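Structure record follows, encoded as structure tokens.
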Amino acid sequence: MSAIQPPSARVWWKQPLDRIELIWILLALAWCLVMFFMMPYWHVFGKQNLANEAYRTTPEAYMKKANDVVEKYTVRKETDRQIPVIHPPAGSDVYLVARLWEWWPLLELEAGKSYRLHLMSMDWLHGFSLQPENINIQVHPGYDHVLTITPTRPGTYSIICNEYCGVNHHTMSSRLYVK
Amino acid sequence: MALNRMFRTCPTTGLQFHEPSEPLIRANAVAGVVSLLVGGVLALLVLLTRWPAVHLLPADQFYLALTAHGLDMLVFWIIFFEIAILYFCSSTLLRCRLATPRMAWAGFWLMVIGALMNNFAVFKGDSSVMFTSYAPMGAHPTFYLGLILFAVGALIGCFVFLGTLVVGKAEGTYNGSIPLVTFGALTAAIIAVFTIASGAVILIPTFLWSIGLIGNIDSLMYRTVWWAFGHSSQQVNVAAHVSVWYAVAAIVFGAKPLSEKVSRTAFFLYILFLQLASAHHLLTDPGVSSNWKIFNTSYAMYLAVLASLVHGFTVPGAIEVAQRGKGYTKGLFEWLRKAPWGNPVFSGMFMSLLGFGFLGGISGVVLGTEQLNLIMHNTFYVPGHFHATVVVGTTLAFMAITYFLIPVLFRREVMFPKLAQWQPYLFGIGMSAFALFMMGAGTLGVPRRHWDMTMAGNLMPHEWPGTAYLMVGLMAISGLVAIVGGVAYLLITVGSVFFGKRIETPGYRHVRVAEGRAAPAPAQPVAAAITGHGETGIAMAPGTFVLAMVLLVSFILYYFVNWRYLSQVWPLS
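Chains as they are written, first to last, in the working numbering: chain A, 1 to 179; chain B, 1001 to 1573.
Shown next as structure tokens:
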């Protein structure tokens, strides 16, 4: 009986397993378990993990912290819009603001040093996409998401938005300098 | 009111169609194909805009077209067609009257109204919020209301399906257990009920928010619950197209499942675990823990992936056994070489199987791995993955079964038979290449849902490497091939259904099946229960085993290559 007809045997569940199927199922299961344990393994031995450190907050409270950091560590201003470039000390808290349609301020970090990078949106969802490194993080309004990042190679990087955020979504791009 | 118990027996296949169910199956299939037509035109516009060499539409129209493309394809085309499949798998395969045809019509019209209303909202221009409509970005209330009405209609369809199973059992229209294909459809229906319930939980409050009755929708809550609807609805597709694979194996080859127990258990694993996949979309989100992410994104230790690996083995395995039984026993692959590659029902189904396994399946698992998601989230890799699953997998499988349904259900000959032979290849190969190049561009970081990768006019544009442009260009060209295949499908289907040569059956008459009971199939002796296939062991389906090992080895290599990529990016904690 084919698959579009009822099984020929009423008690089909007692039909013994063909060996070839059993071998395949065991191989597949073993592979599934390897993939499963790879994730906890990477949390212990790998270097690229999210700590999932996040706080509920308001745009006003977040903006105030971001402004404080900008006031303290601005080294210069760039572009016609006079966007501040901040050079914060290693290990400090750095606040990046995502809003329609810009990232604010510009960051200048040092290679080999770690920073606590905060990400939050002031309005809709945005996507933090660091290029060409290709690190991509979802940015929510109301959730201050903290990542500890350690830039490895000096250079000029781009931060683009990769979560659709309205009609000017494609204009939301910025820079990040690593010295 | 007296029940209509009239049946039509298909002279070619011997299938019995309950009279009131036939127009319902047809109407749902036609509504699906109309949605595919609209979605296909939009696909062309989206493609020609994303291709930097053409860059057709202005930004606002591009985002509008992309929103409508997602909805018309992922929701309306696929779910209309799935309702047709549910009715076919219950009423027709069980030779049983369809429960409450009037309710089924009510459901159908709700779905039509919902689809029209939603499309209206999008084309009006103030609801370009993408398929996902992430709050707090808001759409016009009719956007959500249309989706809600459509979902209610689909829910009615699921319950008509479940009711028909009850009728079949009560009226004894079949012996023993329901067929495997119906079991797969049942799996799809159960997941669909879960899916629609999740949709209600998120879309109803969002609708109320859009008309001002609720003050705030939390963005993380929205994404978590919305994806229980959004991703689960793709799992409905998986269960549905796997059922179609089994059905095609049975229709074309008379293939018998290798083991009912294994295939049904695999479907059962879908019911238990597939819905956890909402987590796939939240892997880089704040506010959810890694424990939650790991458990859910892996469907609890990849048990649903295990189920797909099992189906990916048992479907070709069953075909191989059937072909070897017909004497195609030479070497490892004579059974496959001598398969009817000129029959679009088979070629479409087999490419759907290969594309879903090699491209969609592997990329999906890699993308859904907690840490690997960091280097892919929201890039072109994501649509690359789901075009391989939903288009090469589901849509191509549905196209394949259409070529069977045109003569059987619509009683028309398939028009342009030569074109029909080529259609699955054009569509399948074009779409596979499209998905592959899209994933390639995603690996280089090119974002999805983005109007202009050149970022011309941006204050601080990012310059993509030349390979990224090459990938996107190749993607666009492959996409055009797939669109030619899609046009061919629409031409053949619409042409055949409306203008195809009628298949006349001499001496045709309606048969009234007494009390709705079809003649029961002769009972099998219990002893038959313990006999499997003649042969056991690898000798039974060696070719399939080799194919499966090729899949497994590619899977393992690709998986670890991506871990290697990840290990090279900036340390994060």
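For glycine and all other residues, C-beta sits at the position ideal for the given N, C-alpha and C. None of the values given here were measured: they were computed from a predicted structure.
- Contact of A98 of chain A with chain B is not assigned, every C-beta pair being separated by 9 Å or more.
- Residue state for Y143 of chain A is assigned as strand, using DSSP reduced to three classes.
- Per the Cβ contact rule, the region 1478-1494 of chain B is not in contact with the region 1445-1461 of chain B (fewer than 3 Cβ pairs under 8 Å).
- Interface residue (Cβ-Cβ distance to chain B less than 9 Å): P59 of chain A is not classified as such.
- Y1134 of chain B reaches chain A at L125, counting residues in chain order whose Cβ is nearer than 7 Å.
- S1290 of chain B sits in a helix when the DSSP states are folded into three classes.
- Contact annotation, T79 of chain A with M1460 of chain B: C-beta distance approximately 7 Å; criterion of less than 8 Å satisfied.
- For G1172 of chain B, the secondary structure class from DSSP, reduced to helix, strand or coil, is coil.
- Per DSSP, the beta-bridge partners of Y177 of chain A are A:E108, A:T156.
- If only uninterrupted alpha helix (DSSP H) runs of at least 4 residues are considered, none is enclosed by the region 1207-1235 of chain B.
- In the DSSP assignment, Q1061 of chain B falls within the unbroken alpha helix (DSSP H) covering 1059-1070.
- At a cut-off of 9 Å between beta-carbon atoms, W1105 of chain B makes no contact with chain A.
- Exclusion of the five residues before and after G1430 of chain B leaves S1478, G1479, L1480, V1481, A1482, I1483, V1484, G1485 as the residues of its chain whose Cβ lies within less than 8 Å of its Cβ.
- For P1571 of chain B, no beta strand (DSSP E) run applies, since DSSP gives it neither H nor E.
- When the Cα atoms are used, A1170 of chain B and V1160 of chain B turn out to be separated by approximately 15 Å.
- The residue from B:K1330, B:Q1421, B:L1155, B:F1194 with its alpha-carbon nearest to that of G1342 of chain B is B:Q1421.
- Closest by C-alpha distance to S1278 of chain B, out of B:L1258, B:Y1299, B:Y1489, is B:Y1299.
- Annotation for P1011 of chain B: T1505 place their beta carbon closer than 7 Å to its own, counting only its chain and skipping 5 residues before and after.
- In the DSSP annotation of this structure, the continuous segment of the alpha helix (DSSP H) that includes F36 of chain A starts and ends at 19-45.
- The C-beta distance from S1432 of chain B to A1388 of chain B rounds to 7 Å, short enough to meet the 8 Å contact threshold.
- Among the residues of chain A, those whose CB is under 8 Å from the CB of M1460 of chain B are T79, S158, S173, S174, R175, following chain order.
- DSSP, read as helix, strand or coil, puts E1504 of chain B in coil.
- When the beta-carbon positions are compared, Q15 of chain A and E1260 of chain B come within less than 9 Å of each other.
- Along the region 134-155 of chain A, the positions whose C-beta sits under 9 Å from a C-beta of chain B are N134, I135, N136, I137, Q138, V139, H140, P141, G142, Y143, D144, H145, V146, L147, T148, I149, T150, P151, T152, R153, read in chain order.
- Approximately 50 Å separates the beta-carbon atoms of N52 of chain A and S1021 of chain B; this is outside 8 Å, ruling out the contact.
- Annotated three-state conformation of E1413 of chain B is coil, per DSSP.
- Contact between T1394 of chain B and A1240 of chain B holds: CB atoms are separated by about 7 Å, below the 8 Å threshold.
- Restricting attention to B:F1560, B:F1356, B:I1204, the CA atom closest to the CA of L1309 of chain B is found in B:F1356.
- Put simply, the region 1173-1180 of chain B touches the region 1253-1272 of chain B. At least three CB pairs are less than 8 Å apart.
- Below the 7 Å Cβ cutoff, chain A contributes no neighbours of E1082 of chain B, its closest Cβ being approximately 17 Å away.
- The beta carbon of V1038 of chain B is closer than 6 Å to those of D1072 in its chain, skipping five residues each way along the sequence.
- The beta carbons of V1345 of chain B and Y1403 of chain B sit about 5 Å from each other, so the pair counts as a contact at 8 Å.
- At a cut-off of 9 Å between beta-carbon atoms, Q1371 of chain B makes contact with chain A.
- Around the Cβ of Q5 of chain A, a 10 Å sphere holds 16 or more other Cβ atoms; the residue is buried.
- Closer than 9 Å to the CB of D1126 of chain B there is not a single CB belonging to chain A.
- Residues of chain A with a Cβ closer than 7 Å to the Cβ of V1181 of chain B are, in chain order, A3, I4.
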